[in-house]
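Numbering (the numbering used here), first residue to last: 583 to 874. Yeah, the Cβ is synthetic: ideal placement off N, Cα and C, and Gly gets one too. Single-structure report; data block below.
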Amino acid sequence: MMSLSLAQLRAVDAVVRHGQISRAAQSLGVSQPSVSNQIQAFETTWKVRIFDRDGYTIRLLPSAEALIGQIQLGLQILQEIEDTLDARSQREARHLSLGFSAHRLIMPALAAFVRSHPDIKLSTQGNPTLSLIQALKKGDIHLASVSLSKPEPGFHNIELTRRPLVIYGKKGHPLLQKGPLVLENLHKQAMVLWNRQSGSRRRFGQLCDKADVTPTVCLEVNTIDVAYAAVAAGIGLGTAIEGEVLADDHIDVVRLDAQDAEIGHYLLCLKGAEMRPQVADFIEIAKTCTTA
C-alpha cells in the first residue's frame, strides 16, 4: 500500500513557495538534487504531474493548483500539531510530578531538588505504595517514592535506603519501654495499621504470617496523620518504617525485633522515563541525599 511521504510533500510545497529548486533546497536545508528527487518520486508514485520544467525554470501546472492547496493545508495542520506537541514538551520539561508513601524519608531530596531547580514546577501527592504504582502506570505522576521489600517488576527501580520496621504507641505504653519489641508480643495486641495498599503494612503482614502472629486490628487508616493521632490517643500500636515517625511527647518508638524486619525505600518510574532531564536530576539528587 502506497503512503504519502512528508519529505516529498515539503519539497513540493517549498518549490511552489519559492519558485526555484535552489531556493526551495536552501529553505529546507537540503541539497538541490534531494529536492528534485523528492518531487520526481512524488510524481512517479502518484502518477501525477505538478510542475512544468523548462531548463532551470519550473512552473506549477494549473491542473495541480487544487492538489497544492490540499498539500499546503495538510502541512499547516501538521505544523500546528508539532507546535502543540513542542509546547507540551516544553511544559513537561519544566514540571515534575512526584508521589510519595513516606514524606519524611523523601523530604531531604525534595528540598534539595527545589533549591537546585527553582524553574521546575513540582507537584506532589502522598498515597500508599500500591496506589502510587497504579498512578505511575496511568501516567498521573512521573516518579514515585515507595516502600517495597524488593524491586517492582516492569519499572526502573532505584533503592535509596533499606530500613527496619518500628512499632510506636502512646507515650508510656508498657511494651515500648525495654528497647526492641519482639514480634511475638504483638499476638492479639490492639493495633492501628495502614490499609493494605501500604508497602510497610504488607511487609508487616508477611512477617506476622511467617511467625504465626495475629494482631487485633482496631483501625485501618489511609494517612500518617490519622495513624499518628489514633496511636497517640491510645487506640492501638502502630507500625512504620524507621524515620517515618519520631518519638515525641505523645508517642514512644522502638524497633521491631524479627528476622528480616526491614524494607527498602525506592524511587520508581516507568522504564525509559529515567532519561527525562527532570526525572534524572531528581534521581541523582535523591541518591546523594542523606535520609538517615
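Checking the DSSP bridge columns, you'll see residue 698 has no partner listed.
DSSP lists 708 and 727 as the bridge partner or partners of residue 682. Residue 822: member of the beta strand (DSSP E) spanning 819-823, first to last residue. Annotated as proximal: residue 680 and residue 725, with beta-carbon spacing under 8 Å. Between residue 745 and residue 844, the CB-CB gap stays under 8 Å.
In the structure shown, the three-state DSSP call for residue 848 is strand.
Leaving aside the five residues that flank residue 871 on each side, the residues in its chain whose CB is nearer than 7 Å to its CB run, in chain order, 690, 691 and 694. DSSP lists 640 as the bridge partner or partners of residue 635. Closest by C-alpha distance to residue 735, out of 723, 722 and 712, is 712. Unbroken beta strand (DSSP E) stretches of 3 residues or longer found wholly inside the stretch 595-665: 633-636 and 639-642, given in chain order. Ranking 727, 773, 599 and 676 by CA distance to the CA of residue 816 puts 773 first.
Spanning the alpha carbons of residue 809 and residue 738 requires a straight line of approximately 30 Å. For the 8 Å CB-CB criterion, residue 742 and residue 848 form a contact. Contact between residue 609 and residue 596 holds, since their C-beta atoms are separated by about 5 Å, short of 8 Å. Every unbroken stretch of the beta strand (DSSP E) spanning 3 or more residues and falling wholly within the stretch 716-766 is given here in chain order: 725-730 and 737-752. Around the C-beta of residue 666, fewer than 16 other C-beta atoms lie within 10 Å, and the residue is accordingly described as exposed. Rounded to the nearest whole angstrom, the C-alpha separation of residue 676 and residue 732 is 31 Å.
CA-CA distance, residue 640 to residue 599, rounds to 12 Å.
As the crow flies, the alpha-carbon of residue 685 is around 7 Å from that of residue 826. Exposure of residue 659 is indicated by the presence of fewer than 16 other C-beta atoms within 10 angstroms of its C-beta.
DSSP places residue 808 in the helix class (H, G or I) of the three-state scheme.
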